[in-house]
Amino acid sequence: MVIELDVKDILIRESQKCIRCGFCVYVCPSWNAHGKIEYYSPRARVTLIRSMFDEGVDLNDALDSLFTCNTCMRCLAECPTGINVADLIIYARHYALQQINKK
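Going by this note's numbering, the sequence shown opens with residue 42, and the numbers climb by one from there.
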């Protein structure tokens, strides 16, 4: 039996696992390269993914943060809840682009 999960459901479920501990932040090369601005941290990206489904969120703005992630997976090694941020980022990019193209 094959069970297909909706990308939106996956993004919501996985992003809700984040406890905002920040262990991922300090190992992120994107965060470091962007002047250690929280907006470019894995923690902020997961929060952004969680908020992508709220009304009024500008998905074009979200893509700016999502596409600065190089998906190196260093954050996964530090995450106590095991969130694969790189996969979440890839799914979120795809989802956001689909939604933008529907308009």
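All C-beta atoms, glycine included, are put in the ideal place defined by N, C-alpha and C.
All values derive from a computational prediction rather than experimental measurement.
Assign residue i to buried or exposed, taking buried as 16 or more other Cβ atoms, counted over all protein chains shown, within 10 Å of its Cβ.
i: I90; result: buried
i: Y80; result: exposed
i: A118; result: exposed
i: V15; result: Absent from the structure is residue 15, since the part of the chain shown begins at 42 and ends at 144.
i: C62; result: exposed
What do you reckon, are the CB atoms on residue i and residue j nearer than 8 Å?
i: S71; j: A85; result: no
i: L100; j: Q57; result: no
Does DSSP classify residue i as helix, strand or coil?
i: Q26; result: Since the first and last residues shown for the chain are 42 and 144, residue 26 lies out of range.
i: N125; result: coil
i: K77; result: coil
Could you compute how far the alpha carbon of residue i sits from the alpha carbon of residue j?
i: P83; j: C110; result: 8 Å
Exercise. With contact counted as at least three CB pairs below 8 Å, one residue from each stretch, are the segment 109-116 and the segment 60-79 in contact?
Worked result: yes
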